[in-house]
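Visitor: Take any residue in the sequence shown, count from 1 to its spot, add 2: that is its number in the numbering used here. Sharing a structure, written as structure tokens. Questions coming.
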Amino acid sequence: MLKMLAFVFAFLFIQPTQNVQQLPATVEKPTIQIALLLDTSNSMDGLIDQAKSQLWKMVNELATTKKKGVAPYIEIALYEYGNSGLAQSDNYIRQVSELSSDLDLVSERLFGLSTNGGDEYCGAVIEDATLKLKWSPATDDLKLIFIAGNEPFTQGPVDFRKACKDAISDGIQINTIFCGDYNEGINTSWKEGADLADGEYLNIDQSQEVVHVATPFDQDILELNQKLNETYIGYGREGESRKEMQMTQDANAAEYGAANAASRASYKAKDSYRNSSWDLVDAMEDDAEILEEIEVEELPAEMQEMSGEERVAFVEEKSKERSAIQEQILSLEKEAEAFRKEAMEEMAGEPNTLDKVMLSAVREQAEAKEFKAEEN
């Protein structure tokens, strides 16, 4: 019910790859984990479109939170369910992306989703996400499931009541998002599912067009984003392809206008956006000896003829450039956000869209776990 989540916040019919970026063992960070379970049956095109258009807005806000002064490690997972192109033996569900801090990958797979009629088994997809995703064992981390759809919550072979109770027993809260009338969602057990797992019941109009408020600062942010991309030094087997993916996800975000693309750029300027698995600047921050560990042929061509000292100097210079650009983007983001907030206040009221209801729930649940939003 979707053709096309900007959280938070993404795909081909293959099993997801294991592409999670791991934190260095010496770094301990509070963690926010969110699994998005999206109904991709025929009537859900609008839901998927809202998800695509608001992914970066959602994760961008998450990245502004801190717990005891420490920015969180953010992981997003993506499931689709209710698509007749999926196997009946798997209850018409598919893990599209495991819990991962690699949000470019999540975005790529989100943009690869398409809709096709099918049977929507909420209990089955909740059970699968609870059992198969690698949830943090820490009780003070924030672990959330958001499930969105428009068919009765009771369908399928897995009892949704048991699935929801099992999730909360593992510290995973479930927020349910019914795409349609508020009371209809209650009557079809969407609220009961949320109540059983200490979550919130929400409803949206999935056909509502998302409002992206353009600001006078968006274009400057996007120009800085292009310069930011030039500071990435791809290495290893995936280095070049991941740089291409980065630019492709910039383009995907831009499909929904400059304001949305600027939101993605702002996220890329924050500490939460890290690419140590393929970018030498981030990798060297995590491991100062990384250049001594990489084979020469795994370096970009421009670095292969350099001496060891020249390579270190080259990466350090790119790191300085990146930091300066990120500071400029974050400064402009504050001005853009102030402009956007004022513009929204002048409107008759924000539409009830996916980003609005998700952020409302996440803010409250994050505060309960002592994650505090920083003021711009």
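The beta carbon of each residue, even a glycine, is placed where N, CA and C say it ideally should be. All of these numbers come straight from a predicted model, not from anything done at the bench.
1. Glu-372 by DSSP, collapsed to three states: which one?
2. Could you pull out every residue in the same chain whose Cβ sits closer than 6 Å to the Cβ of Asp-143, ignoring the five residues on either side in sequence?
3. Would you kindly work out how many angstroms separate the C-alpha atoms of Met-46 and Leu-224, rounded to a whole number?
4. From Met-60 to Ser-362, what does the alpha carbon distance come to, in whole angstroms?
5. Does the contact criterion of 3 or more C-beta pairs under 8 Å hold for the segment 212 to 222 versus the segment 169 to 189?
6. Curious, which full-length alpha helix (DSSP H) runs of at least 4 residues does the segment 42 to 106 contain?
7. Which word fits Glu-100, buried or exposed, when buried means at least 16 other C-beta atoms lie within 10 angstroms of its C-beta?
8. Tell me whether Ala-253 is buried or exposed, calling it buried when 16 or more other Cβ atoms sit within 10 Å of its Cβ.
9. Give me the residue from Lys-229, Val-212, Asn-177 and Lys-164 with the minimum Cα distance to Asn-205.
10. Measure the beta-carbon distance from Gly-195 to Phe-148 and round it to whole angstroms, keeping in mind my assumption that it falls under 8 Å.
11. With three or more C-beta pairs closer than 8 Å as the rule, is the segment 310 to 328 touching the segment 224 to 236?
12. Give the straight-line distance between the Cα atoms of Ser-278 and Ala-256, rounded to the nearest whole angstrom.
13. What three-state label does DSSP hand Leu-224 in the structure shown?
14. Counting only runs of 3+ residues fully inside the segment 113 to 158, write out the beta strand (DSSP E) ranges in chain order.
15. Where does Tyr-203 fall in DSSP's three states?
16. Expressed to the nearest angstrom, what Euclidean distance is found between the alpha-carbon atoms of Lys-70 and Val-364?
Guide: Answer, in terms of the structure:
1. DSSP, read as helix, strand or coil, puts Glu-372 in coil.
2. Thr-33, listed in sequence order.
3. Their backbone Cα atoms lie some 31 Å apart in a straight line.
4. Computed Cα separation, rounded: 10 Å.
5. In short, these stretches do not touch, since the Cβ pair count stays below three.
6. DSSP runs (the alpha helix (DSSP H)) wholly in the segment 42 to 106: 47 to 64.
7. By the neighbour-count criterion, in which a residue is buried when 16 or more other Cβ atoms sit within 10 angstroms of its Cβ, Glu-100 is buried.
8. Ala-253 is classed as exposed because its beta carbon has fewer than 16 other beta carbons within 10 Å across all chains shown.
9. Just measuring C-alpha positions, the residue of Lys-229, Val-212, Asn-177 and Lys-164 sitting nearest Asn-205 is Asn-177.
10. About 12 Å separates the two Cβ atoms, so there is no contact after all.
11. The segment 224 to 236 is in contact with the segment 310 to 328.
12. Our two residues, Ser-278 and Ala-256, have alpha carbons roughly 25 Å apart in a direct line.
13. Looking at Leu-224 - three-state DSSP - the assignment turns out to be helix.
14. Complete beta strand (DSSP E) runs here, min 3: 144 to 151.
15. In the structure shown, the three-state DSSP call for Tyr-203 is strand.
16. Rounded to whole angstroms, Lys-70 and Val-364 show a C-alpha spacing of 18 Å.
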